[in-house]
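Notes follow the structure.
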Amino acid sequence: MNIHESAEDYLETILMFCQERGHARSVDIAAHLGVTKPSVSFAMKRLRENGYILMGDDNRITLTPQGEAIARRMLERHNLLAAFLVRLGVSENVARADACKIEHDLSDETFEAIRRHADGGKEKP
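Numbers 335 to 459, taken from this note's numbering, label the letters of the sequence shown in order.
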């Protein structure tokens, strides 16, 4: 699954809105990510062409199973890393911002080690 960091951010944001509202809209994505609506439109076109999202006639955006799998992976990484950093004493705002940066570049091996440590050393089922 080779996908660019910005695409992962878009998919993660779409998932968050879908969990909250059942769908995402370009205007909400733009506001959340601090990008322009034309940037979101271009990204949505690419994500749709690659089979990660679906766009309804009403321009509501939902994830395909493939897009949702990537989004869930990124959101899980983000949430676990942010919580881990907070437990280390980092403020919540800084922890969330840093988790956003780390989540994309961290190897699976390192992430799993952090997960085990955060879970008290228990192996993942």
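Every residue gets a Cβ at the ideal spot worked out from N, C-alpha and C, and that includes glycine.
If you're wondering where the values come from, they're calculated on a predicted model, not measured in any experiment.
Is the closest heavy atom of the ligand SAH to the C-beta of residue i under 7 Å?
i, result
"A358", "The model on display carries no ligand, and the ligand SAH is accordingly not part of it."
Rank the options by C-alpha distance to the C-alpha of residue i and give the top, closest one.
i, options, result
"H349", "I404, H451, E426, R430", "Position check: residue 349 holds Leu in this sequence, whereas His was assumed. Per the Cα distances, I404."
"M378", "R450, A417, L440, T396", "T396"
"A416", "R407, M408, E426", "E426"
"E339", "R382, R380, L388, D439", "D439"
"C434", "H451, R450, L409", "L409"
Just grab the DSSP bridge partners of residue i for me.
i, result
"M389", "I395"
"A358", "I395"
Please classify residue i as buried or exposed, where buried requires at least 16 other C-beta atoms within 10 Å of its C-beta.
i, result
"D343", "buried"
"R355", "exposed"
"R411", "buried"
"L422", "exposed"
"G454", "exposed"
"G390", "exposed"
"E437", "buried"
"T347", "buried"
Between the C-alpha atoms of residue i and residue j, what's the straight-line distance to the nearest angstrom?
i, j, result
"L345", "Y386", "8 Å"
"H366", "E446", "28 Å"
"A429", "R407", "18 Å"
"I448", "E402", "23 Å"
"C352", "D362", "11 Å"
"A341", "T444", "22 Å"
"Q400", "D442", "19 Å"
"E383", "A452", "37 Å"
"G368", "L388", "22 Å"
"A364", "I337", "20 Å"
"V374", "T398", "18 Å"
To the nearest whole angstrom, what separates the beta carbons of residue i and residue j, a pair I think is in contact under 8 Å?
i, j, result
"D432", "L419", "6 Å"
"R359", "R394", "6 Å"
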